[in-house]
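Residue numbers (the UniProt record's numbering): 1 to 469.
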């Protein structure tokens, strides 16, 4: 048998003859193409680059609660967060602020706030690494039904090792937004609203897609997150959006009555979250129905309500026999008699009675202190009604057929002014039920336990009650 000659291309790479051929000074018959890096080498290089850059991430400097605006252009379009310094930048192209930041500051890892995709700049390489999952969760937490069952029993830790309870964390008072903080805390503890927001996703077809729905939902998710980088959050992004939507009626730089903000928020969120197909909203669980009878004209009307307003009797501080100024007190049950369908309420020349026809799943009570009902004029902080309202932790309606349990209590506090001839200011705090017999009081970033026996000693203004019967 005649043997076929072996060509040089068939010689194994480790063959001496092959080595001689490749190192020969004689040029090949045709020019060789440029050397191409093998896929395995490219992957190794990419992995090495990732490892080098991911080590520069500084989680303690990251804060995703602020409005997503480029720190250079102030645009809110296509914003990325630098995971090294925490600043926000626009784009990732070669002429973008994010690109220039990566080159000038030697910061290389950026995350897109809309897609949660992570990129290496200036290489413009996408990164898929499980080590980044905690950062993505911090931006937009996700929950399942099993998570909801454990929410109120979890003790979490932030990056500094500080323990906190999800849902019972402080909120930044950026300027003068404590009035809004207490309302956001109250609404976020309405169980039906909380569960709806925590289980929602960007792909949920039953939630209209708009900026307010997205911002409010993410706020609630962060408030209840067991994986916060810090043991508090900031409502800045949500409140900035609310300032725009409300035409600057509610901002972070001016105090407003919590009641006014709560009513605006419930009305706005109810419309915003209404399913266009079913015409229903999760906020319907807070809405009740009231029958109003005018005894003078014998007319009967029905109306829906978000809040039941209770009327404090006109009062002023008086001196006891010992000469000490005493504050008048009244029971909540006495104030609630306004809605028994029998007790008459006099408003100017009108006499009316009120009866609850539909009891909501969550009942909100309003105790106004800054308006004189008889004269229908506003009162200053100094002249406010300071009557103490004594209340139990459970109340009954309709001869015990309906029963509610207290969930949240918003309290007014006096903040004395340092300036002469200037009226004192108001400050606000909220008391939240953490468990059957445990309460927490939150004032801005300060979170502390509160004995239930002392809950009624403050100037209660708003209360949230959950129906249990």
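Backbone N, C-alpha and C fix where the C-beta goes; we use that ideal spot for every residue, glycine too.
Fair warning: this is a prediction, and the values are worked out from it, not measured in the lab.
Rounded straight-line distance, which links the Cα of residue j to that of residue i
i, j, result
"residue 456", "residue 442", "15 Å"
"residue 232", "residue 385", "33 Å"
"residue 89", "residue 73", "8 Å"
"residue 439", "residue 296", "45 Å"
"residue 367", "residue 330", "12 Å"
"residue 237", "residue 81", "15 Å"
"residue 309", "residue 222", "31 Å"
"residue 261", "residue 180", "7 Å"
"residue 28", "residue 123", "Note that residue 28 scores a pLDDT of 45, beneath 50, so its modelled location is shaky; the value from the coordinates is reported in the next line. Answer to the nearest angstrom: the Cα atoms are 36 Å apart."
"residue 245", "residue 239", "10 Å"
"residue 288", "residue 458", "27 Å"
"residue 432", "residue 399", "27 Å"
"residue 356", "residue 279", "24 Å"
"residue 263", "residue 307", "8 Å"
"residue 44", "residue 169", "43 Å"
"residue 446", "residue 157", "16 Å"
"residue 363", "residue 259", "14 Å"
"residue 141", "residue 225", "7 Å"
"residue 196", "residue 282", "7 Å"
"residue 271", "residue 335", "31 Å"
"residue 189", "residue 202", "22 Å"
"residue 171", "residue 411", "16 Å"
"residue 211", "residue 268", "12 Å"
"residue 350", "residue 304", "20 Å"
"residue 63", "residue 114", "16 Å"
"residue 294", "residue 353", "7 Å"
"residue 273", "residue 148", "21 Å"
"residue 112", "residue 118", "6 Å"
"residue 102", "residue 108", "5 Å"
"residue 371", "residue 343", "21 Å"
Residue burial classification, residue i (beta-carbon count within 10 angstroms, cutoff 16)
i, result
"residue 167", "buried"
"residue 106", "exposed"
"residue 387", "buried"
"residue 436", "exposed"
"residue 177", "buried"
"residue 409", "buried"
"residue 138", "buried"
"residue 61", "exposed"
"residue 348", "exposed"
"residue 380", "exposed"
"residue 129", "exposed"
"residue 450", "buried"
"residue 340", "exposed"
"residue 153", "exposed"
"residue 4", "With a pLDDT of 45 at residue 4, under the threshold of 50, the predicted position of this residue should be treated as unreliable, and no value is reported."
"residue 404", "buried"
"residue 346", "exposed"
"residue 134", "exposed"
"residue 257", "buried"
"residue 326", "exposed"
"residue 375", "exposed"
"residue 24", "Low local confidence applies: a pLDDT of 38 at residue 24 is under 50, so the model's placement there is unreliable, and no value is given."
"residue 187", "buried"
"residue 392", "exposed"
"residue 33", "Summary for residue 33: the model assigns pLDDT 48, below 50, so the residue's position carries little reliability; its value from the coordinates is reported in the next sentence. Exposed, since its Cβ has fewer than 16 Cβ neighbours within 10 Å."
"residue 200", "buried"
"residue 369", "buried"
Those residues which DSSP pairs with residue i across a bridge
i, result
"residue 404", "395, 467"
"residue 331", "390"
"residue 290", "303, 356"
"residue 362", "466"
"residue 271", "In DSSP, residue 271 forms no bridge with anything."
"residue 163", "157"
"residue 264", "DSSP output for residue 264 lists no bridge partner at all."
"residue 346", "351"
"residue 340", "355"
"residue 371", "378"
"residue 309", "366"
Distance between beta carbons of residue j and residue i, contact taken as under 8 Å
i, j, result
"residue 162", "residue 194", "Going by Cβ atoms, the distance from residue 162 to residue 194 rounds to 23 Å, so no, they are not a contact pair."
"residue 99", "residue 120", "Not quite, the Cβ-Cβ distance comes to about 12 Å (not below 8 Å), so this is no contact."
"residue 175", "residue 253", "5 Å"
"residue 87", "residue 71", "5 Å"
Distance cut-off 7 Å: residue i Cβ against heavy atoms of the ligand MG
i, result
"residue 237", "This structure lacks the ligand MG, and indeed carries no ligand of any kind."
- Counting only runs that start and end within the stretch 34–113, where is the alpha helix (DSSP H) found for 4 or more residues in a row? 39–54, 97–105
- Query: Unbroken beta strand (DSSP E) runs of length 3 or more, entirely within the stretch 184–208: which are they?
  - Reply: none
- What are the uninterrupted segments assigned as beta strand (DSSP E) that are 3 or more residues long and contained completely in the stretch 430–461, given in chain order? 438–443, 446–450
- Query: Which runs of the beta strand (DSSP E), 3 residues or longer, sit entirely within the stretch 118–151?
  - Reply: 118–120, 125–127
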